[in-house]
Every structure is written in C-alpha cells, then in structure tokens.
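Residue numbering for the sequence shown follows full-length UniProt numbering, beginning at 1 and increasing consecutively. Note that the Cβ used here is the ideal one computed from N, Cα and C, for glycine as well. For reference, the structure is listed below as structure tokens.
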Amino acid sequence: MTDSSSDRPLDRLAIAAAQLNPTVGDLDGNAETVRRARREAASQGADLVAFPELFLAGYPPEDLVLKPAFQAACRATIEALARETADGGPAVLIGTPWADDGKLHNAYCLLDGGRVAAVRFKVNLPNYGVFDERRVFAPGAPPGPVTVRGVRLGVPICEDIWTEWGDYEDVVECLAETGAEILLVPNGSPYARDKADQRLAVVVARVTESGLPLLYVNQVCGQDELVFDGASFALNADRSLAFQLPAFRECVTTTVWERGAAGWHCAGGPVARLVEDDEADYAACVLGLRDYVEKNRFPGVVLGLSGGIDSALCAAMAVDALGPDRVRCVMLPYRFTSDISKTDAAAVAKALGVKYDVLPIAPAVEGLEAALAPLFTGLPRDVTEENLQARARGVILMAVSNKHGLMVVTTGNKSEMSCGYATLYGDMNGGFNPIKDLYKTQVYRLSARRNSWKPEGALGPDGIVIPESILVRPPTAELRENQTDQDSLPPYDVLDAVLERLVEREEPIARIVADGFDRDMVVRVERMLNLAEYKRRQAAPGVKVTLKNFGRDRRYPITNRFRDPGVPLPPPENSEPKSTRVAAAAAGSTAMDF
C-alpha cells in the first residue's frame, strides 16, 4: 500500500496521543472509542491521532486472535474506520491484527483520506514474562517510515524498541537509515513497580542512538491479571522531556511538533507527576479490580470482612474502584473470632460506607462436623476441623454471590499464596484478588498509605478507613485459640525477603543463606513454595504488580521433584505423601493444608 502524503513536507505537525482503555474483543466498543477520540483530537487541532498497540482488538488478545472470524471482523472494522477519514479530519494510527499472505501479524495501520493508507508489522515479538506473541503472530520485515501529511514517521511497535541485539532486528536503526524524522511507538506495556524508569531508560537509549525524537503511546486499562498504566510521554532528540501524561488515567492530548534546522522538536505539552512505589501499586490494584468487574459486567462485589489487614485493604480497594453502593461486606464469626476482630470489621465497614452483614457460621460448621462424624470417629481433631471453618465461609460467600449476582473478592496476599497458607474451597474462593501479588509487608504499607491518601478518581472516602488497631495487631486466621500466623510461618519481614529472592530473583538457597538468612528457615520456605504450586493453579486471578507474579510470569509444574541441588529431597514416604497434610508437615507448615 502507498503511504499518505501531501504535495510538500510540513514544518508543523499536531499529534494527539490517545491514552485510552480498550476491551479485548469488543470491536464495536473500541471502534466507537476511536471515533470519540478522533473527534476530540480534531477539536484540539490535531493532524494525526495515535492509538496504542492492538487497540482495536484489545491487548493482549491471546488465542482469541487465532479465530478466523475475529481476524475478519478486525479487518472489516479497520476498513470502516478508514472510510470515515475521507471527511478531511485527523489521520489515524491504530493497532490491529492483520492477516497477510497466510500469516497473522501484530500490525499498525495508517488510516487517512478514506482508506488504509499504510500497514506496518511488528518485527520483534516478545516471548518472555507475561508475553507469548510468538505463539500467535508472525514477525514482519524491518519497516520503513510511513508518511503522514508530508512527515516521515517511524512506527516501531512496542518490543521493536526494547530488543536490540542477538537474533533481534534493530528496527529503530533501520527506520533512521530509511528517513524517519520522528519515532512514534505504540505500546501495550503492562505495569510493574519501577516500570516507568525502565521505559525511560529504553527510550533514552533509542533516542541517543537514532538522534530522533520519540513519542511513546501506552494504553491504560486492566485486562485480567495485567494492568496497563498509560503514562505516555515523549523525548526530544536532545533527550529532554517533551511531555508526560498521567498514569492510570485516560486522556487524549495533542502536542505540536515543529521542524527546525536541527530536526523535529515538540513545542511542549503537559508534564504530569507520576504516582510511584506504594501509591502506584495501590492505583494499579484499584484499576485492575475496577476493569475486571466492569468489563465482565458484574453489578458489584461481596467479600468476607474478617477484621484483619488483608480483607480491610481489599474492601478499601473495592470501594475506591466501584463506590460503596456496589460493595457488600460480610462478617462470618465463629467461636474463635475475637471481639476486637468484630469491632474492627464493623469500623472498616462504617468508614467505607458499605452494606455490612454479620452471619455467624456455627450452625454451618457444626452441621458439617455432624455429617462427617461417621467417617472421623476415633481420629483426633486437627487442621481438618480448622479448615471446615474456612470452607463454611467460602460456601456462604459463594451463595451470596449466586443469589445477588455479586462477584466474590478473595483476599489472600502473595506471602500466603507462596507458602500455601490458605484453604482451597475456603478463603481461596472468589472471582478476583486485588492483592494477590502483594506480599504481606506490602499489604501493611499500602494500608497505612491509604489512610492518608487515595488515588485520583477513587470513589472511596478520604481519611482513615483502616483502624490503627488492625495495623498493629499480630495477623491471625483465628481458626483456633490464640492462633497467630507466626505460629506456622517465619516473621513476615523475614519471610517476604526470602520469598522475593526465591520467586522474583530465582536465587539459589546458598546465596540467600550467604546473605545472612538461617539455612533451615530458607529450606523450609523453599519447600512450602514448591508444595503449594497446586493450590496456586486453583487460585483466582489477581493484579500483577511485582516483577514476577504467579500465573502469567511464574509457571512451574505441579508435579515436580526438582529441588535446589544444595537441598536433598525428603525421603520417599514424604515426597509421595498420602495426603496434603503430610506434605505440608514435611515442608514445615502445620497451617491450613488444603
């Protein structure tokens, strides 16, 4: 296809960055978003509006993109949008799947003058971490620039600027050598802590190498476990910041680019302050929960409010995401539930303004014990009876979900998910978990931060929403008298430091011990981590905020006898346990076994 061009090059180009929220598979809805954004860009005087990677399909489309009917629908929708550009308004750059010569590509299309004026294919397809594009797309050849209103734009697509050596094509170098004047990069770049710094470092490197200014356009949305934070920006050729759009907020922003003796330069635009660290993690969890609920069309959520820190933080996030009218909290006390837990749960519900119910679970637990009595006669009470409490709570919450159509928010943190300190079909029940990728120490930090701050656009109240007593009280599952988490687990500050090394860094035990951690404790934690893999496979999805989350990033086999070479496997009678409880005991965990 030929490129869109005018009779002569221009010395001024107004480019609108459309940092917006698509829904995977909603072609009609996404196309309407494109139309609204184009109208807004036109009102701002834009010559061109640029959308993120695969915006029409939604990103990532995963195996949906392999359906021929979906591919055809994407093509037809792009062609319909292209025809609308005959009105003389802004040109459109938009990402879409594109079948060509028997191959499917991750493509970026220029729509202008009533037609699809140019198509460029992604060259470097990521196949690491949360990405597996090589499964579904074919790589394109190194591209040349597209011409928009007389200006030659290089359009490397996301990974095309991140990879630069080995078997990868240097796309930016190719574009610079073939006459690109400005680099415009569409992205589906998911959030993780410190990701903004990584992006900036990559863009600085590409600008330095090419000598060209670069505009980075990212989507802002939640898609299952992934959250995309937006935070689009541009650097001039001298590496100065041209503009910075906010994180976690949609916007269509037009900036003016001018050609001078030294090349193209952005005349300036807004510079938003980006939320960072704990605030960014909190905002990501809220956005991820909101979009999961909204895009799957749940009217609201329900969660068990125990009086502990995890459920309190999840309740605050749910209210910030959806508003108090769409959040229902249920306290499910048993005889081990302390008075302070009941008081604190009620205080959280009152502070957040949610509907709050108290349903004692004694009849359910005692009924289960009576039903099981013929099979348990002569056997001592143990963790089995403890787990009946958690499972009774899970059944009640799922019943409320069924009756009222509300999604159950499950509230286990990453420390618990790592060690298997959770009950299958009990407290693990639920549709989505906003804190699944937050370690316990992070849960405490984010809870304290929320009491003095909330994200822009949050629907919850200002001020203290999590009582101080919850922040200082030792965490407990309250499944037996005087129980605390530290009866079964190392102190959370120590545990989380070890888990971060085992999960995110994949460090060997010897290195962790060399850093000063007790060897027996590290070995015990590593065994718990391995033995709990089967539980994690059955856990609800949850927001990714760390470098490596369970599920999208870290995918270990359930059946797995490998252990760190410095740690011998348990003897055969323990490595092939008769029950999960035996396996948990072999790992050093006497807490909730399954």
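Legend entry - Stretch-stretch touch, CB-based, cutoff 8 Å, three pairs: the segment 403-415 with the segment 279-299: yes
Legend entry - Nearest neighbour of residue 245, chosen from 87, 275 and 514 [CA to CA]: Position 245 of the sequence shown, counted from the first residue, corresponds to residue 245. Closest option to residue 245, Cα to Cα, is 275.
Inset, instruction - Counting only the same chain and skipping the five closest in sequence on each side, list residues whose C-beta sits under 8 Å from that of residue 65. - result: Mapped onto the sequence shown, residue 65 falls at position 65. 57, 71, 97, 104, 136 and 137, listed in sequence order.
Inset, instruction - Using 10 angstroms around the beta-carbon of residue 464, count the other beta-carbons present and answer buried if the total reaches 16, otherwise exposed. - result: Walking along the sequence shown from the start, residue 464 turns up at place 464. Exposed, because fewer than 16 other Cβ atoms sit within 10 Å of the Cβ of residue 464.
Inset, instruction - Let me know if residue 416 comes out buried or exposed under the rule of 16 or more other beta-carbons within 10 Å of its beta-carbon. - result: Position 416 of the sequence shown, counted from the first residue, corresponds to residue 416. So residue 416 ends up on the buried side.
Inset, instruction - Report the partner residues of residue 218 according to the DSSP bridge assignment. - result: Here residue 218 refers to the residue found at position 218 when the sequence shown is read from its first residue. DSSP, once it has assigned bridges, lists 187 as partnering residue 218.
Inset, instruction - Find the nearest neighbour of residue 141 within the set 100, 128, 132 and 150, judged by alpha-carbon distance. - result: Taking the first residue of the sequence shown as 1, we reach residue 141 at position 141. Cα-wise, what sits closest to residue 141 is 100.
Inset, instruction - In angstroms with no decimal places, state the Cα-to-Cα distance between residue 158 and residue 24. - result: For the purposes of this step, residue 158 is taken as residue 158 along the sequence shown, with counting starting at 1. For the purposes of this step, residue 24 is taken as residue 24 along the sequence shown, with counting starting at 1. Approximately 18 Å between the Cα atoms of the pair.
Inset, instruction - Indicate whether the contact test is met: 3 or more Cβ pairs, each with one atom in the segment 477-494 and one in the segment 509-528, closer than 8 Å. - result: yes
Inset, instruction - Would you kindly report the start and end of the unbroken alpha helix (DSSP H) that includes residue 486? - result: Against the sequence shown, residue 486 aligns to sequence position 486. Looking at the DSSP string, residue 486 is not in any alpha helix (DSSP H), and its letter there is neither H nor E.
Inset, instruction - Could you tell me the distance, in whole angstroms, from the CA atom of residue 548 to the CA atom of residue 195? - result: For this step, residue 548 is matched to residue 548 along the sequence shown. For this step, residue 195 is matched to residue 195 along the sequence shown. If I take the Cα positions, the gap works out to 13 Å.
Inset, instruction - Compute the distance between the beta-carbons of residue 16 and residue 252, then report whether it is under 8 Å. - result: Stepping through the sequence shown from its first residue, residue 16 is reached at position 16. Stepping through the sequence shown from its first residue, residue 252 is reached at position 252. In contact: residue 16 and residue 252 (Cβ atoms closer than 8 Å).
Legend entry - Residue interval of the alpha helix (DSSP H) (run including residue 386): Position 386 of the sequence shown holds residue 386. 383-404 is the extent of the alpha helix (DSSP H) around residue 386.
Legend entry - Those residues which DSSP pairs with residue 108 across a bridge: Translated into the one-based positions of the sequence shown, residue 108 becomes position 108. DSSP output for residue 108 lists 95 and 120 as bridge partner(s).
Legend entry - Complete runs of the alpha helix (DSSP H) confined to the segment 43-89 [at least 4 residues]: 68-84
Legend entry - Same chain, Cβ closer than 6 Å to residue 256, five either side skipped, listed in chain order: Counted from its first residue, the sequence shown places residue 256 at position 256. Around residue 256: 14 and 267.
Legend entry - Paired residues, beta bridge with residue 442 - DSSP: On the sequence shown, position 442 is the one that residue 442 refers to. In DSSP, residue 442 forms no bridge with anything.
Legend entry - residue 93 and residue 220 closer than 8 Å at C-beta: If you number the sequence shown from 1, residue 93 lands on position 93. If you number the sequence shown from 1, residue 220 lands on position 220. Taking 8 Å as the Cβ cut-off, residue 93 and residue 220 do not qualify as a contacting pair.
Inset, instruction - Using three-state DSSP, classify residue 157 as helix, strand or coil. - result: Against the sequence shown, residue 157 aligns to sequence position 157. Coil.
Legend entry - Spatial distance of residue 343 from residue 307 (CA atoms): Residue numbering aside, residue 343 sits at position 343 when the sequence shown is read from its first letter. Residue numbering aside, residue 307 sits at position 307 when the sequence shown is read from its first letter. Going by the C-alpha atoms only, they are around 7 Å apart.
Legend entry - Pair within 8 Å by beta-carbon distance, residue 130 and residue 190: Your numbering for residue 130 matches position 130 in the sequence shown. Your numbering for residue 190 matches position 190 in the sequence shown. Result yes, Cβ atoms of residue 130 and residue 190 sit closer than 8 Å.
Legend entry - Close-in-space but distant-in-sequence residues of the same chain around residue 55 (CB under 7 Å, 5 per side omitted): Within the sequence shown, numbered from 1, the residue matching residue 55 stands at position 55. If we look at residue 55 and ignore the five residues flanking it on each side, its Cβ neighbours are 22, 30, 94, 95 and 219.
Legend entry - Separation of residue 400 from residue 357, as counted between CA atoms: Taking the first residue of the sequence shown as 1, we reach residue 357 at position 357. Taking the first residue of the sequence shown as 1, we reach residue 400 at position 400. The straight-line gap from Cα to Cα measures roughly 11 Å.
Legend entry - Residues near residue 192 in its chain [Cβ-Cβ closer than 8 Å; skip 5 each side]: Walking along the sequence shown from the start, residue 192 turns up at place 192. So the qualifying residues of the chain are 544, 545, 546 and 547.
Legend entry - Closest Cα partner of residue 232 within the set 448, 18 and 459: By 1-based counting over the sequence shown, the position of residue 232 is 232. The shortest Cα separation from residue 232 among 448, 18 and 459 belongs to 18.
Legend entry - Proximity to residue 445 [Cα-Cα], best of 226, 127 and 310: The residue labelled residue 445 in the question sits at position 445 within the sequence shown. Cα-wise, what sits closest to residue 445 is 310.
Inset, instruction - Can you give me the start and stop residues for the alpha helix (DSSP H) that residue 428 sits inside? - result: As a first step, residue 428 is located in the sequence shown; it is residue number 428 there, counting from the start. From DSSP, residue 428 is part of no alpha helix (DSSP H); its letter is neither H nor E.
Legend entry - Segments assigned alpha helix (DSSP H), at least 4 residues, entirely inside the segment 270-307: 277-295
Legend entry - Residue(s) in a DSSP beta bridge with residue 562: As a position in the sequence shown, residue 562 is number 562, starting the count at 1. In DSSP, residue 562 forms no bridge with anything.
Inset, instruction - Just tell me which of 124, 145 and 182 has its CA closest to the CA of residue 162. - result: As a working mapping, residue 162 is identified with position 162 in the sequence shown. Nearest C-alpha to residue 162: 124.
Inset, instruction - Can you say whether residue 481 is buried or exposed, counting buried as having 16 or more other CB atoms within 10 angstroms of its CB? - result: For the purposes of this step, residue 481 is taken as residue 481 along the sequence shown, with counting starting at 1. Label assigned to residue 481: exposed.
Legend entry - Rounded straight-line distance, which links the Cα of residue 160 to that of residue 285: Taking the first residue of the sequence shown as position 1, residue 285 is located at position 285. Taking the first residue of the sequence shown as position 1, residue 160 is located at position 160. About 28 Å.
Legend entry - Simplified DSSP assignment, three categories, for residue 414: Taking the sequence shown and counting its residues from 1, the one referred to as residue 414 is at position 414. Helix at residue 414.
Inset, instruction - Could you tell me whether the segment 422-433 touches the segment 315-323, using the rule of 3 or more Cβ pairs below 8 Å? - result: no
Legend entry - First and last residue of the uninterrupted beta strand (DSSP E) at residue 243: For the purposes of this step, residue 243 is taken as the residue at position 243 of the sequence shown. Here the beta strand (DSSP E) through residue 243 covers 241-244.
Inset, instruction - Give a yes or no on whether the C-beta atoms belonging to residue 526 and residue 564 are separated by under 8 Å. - result: If you number the sequence shown from 1, residue 526 lands on position 526. If you number the sequence shown from 1, residue 564 lands on position 564. Yes.
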